[in-house]
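**Student:** Numbering follows our numbering, in which position 20 of the sequence shown is assigned residue number 14; successive positions increment by one, without gaps.
All residues carry an ideal CB built from backbone N, CA and C; glycine is no exception.
Can you keep this structure in mind? I'll have questions shortly.
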Amino acid sequence: ICTTDVGTCTPEPCSCPTSRDPAVEWGKKTLMTSDGTKCWACEKRAAAAGIAVDDDSGFCPNSPGRCSLKRSCKCESSSDTKRVMRTKDGQKCWTC
């Protein structure tokens, strides 16, 4: 899990925690240390309600605000991070 402390970052690839509050989500930021090393941190931001996309794809949507109700979906690109969000009626859904 990436750090959530302001002003610090995690030097190895990591993911952000899942917020228990559906109105807030953790967003991953890529940063650089003072010596130029890439690192990551998580910051809180207001969560937008997701719009569930119902299709037969095995991939999670990567369009802003779109998500899949299929927990098993995967990110099509290895550079994307799968994360959970909620629909406006509170259902968990996944996006990249």
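Can you find at least 3 beta carbon pairs, one from the stretch 47 to 59 and one from the stretch -3 to 13, that sit closer than 8 Å?
**Tutor:** The answer is no - the stretch -3 to 13 does not touch the stretch 47 to 59, with fewer than three Cβ pairs under 8 Å.
**Student:** Buried or exposed: THR27, going by 16 or more other Cβ atoms within 10 Å of its Cβ?
**Tutor:** Along the sequence shown, one-based indexing puts residue 27 at 33. THR27 is exposed by the Cβ-count criterion.
**Student:** Quick one: grab the DSSP three-state call for GLY44.
**Tutor:** One-based indexing of the sequence shown puts residue 44 at position 50. GLY44: strand per DSSP, three-state reduction.
**Student:** Please classify ARG77: is it buried, with 16 or more other beta-carbons within 10 angstroms of its beta-carbon, or exposed?
**Tutor:** Working through the sequence shown from its first residue, we reach residue 77 at position 83. Buried is the call here.
**Student:** State buried or exposed for ALA40, treating a residue as buried only when at least 16 other CB atoms are found within 10 Å of its CB.
**Tutor:** Here residue 40 refers to the residue found at position 46 of the sequence shown. Exposed, since its Cβ has fewer than 16 Cβ neighbours within 10 Å.
**Student:** Could you check whether SER62 and CYS54 sit closer than 8 Å to each other, using their CB atoms as the reference points?
**Tutor:** Translated into positions along the sequence shown, residue 54 becomes position 60. Translated into positions along the sequence shown, residue 62 becomes position 68. In this structure, SER62 lies closer than 8 Å to CYS54 by Cβ.
**Student:** DSSP state of ALA17, grouped into three classes?
**Tutor:** Here residue 17 is taken as the residue at index 23 of the sequence shown, counted from 1. Coil, per DSSP.
**Student:** Would you mind stating whether THR2 and ALA35 have Cβ atoms separated by less than 8 Å?
**Tutor:** Stepping through the sequence shown from its first residue, residue 2 is reached at position 8. Stepping through the sequence shown from its first residue, residue 35 is reached at position 41. In contact: THR2 and ALA35 (Cβ atoms closer than 8 Å).
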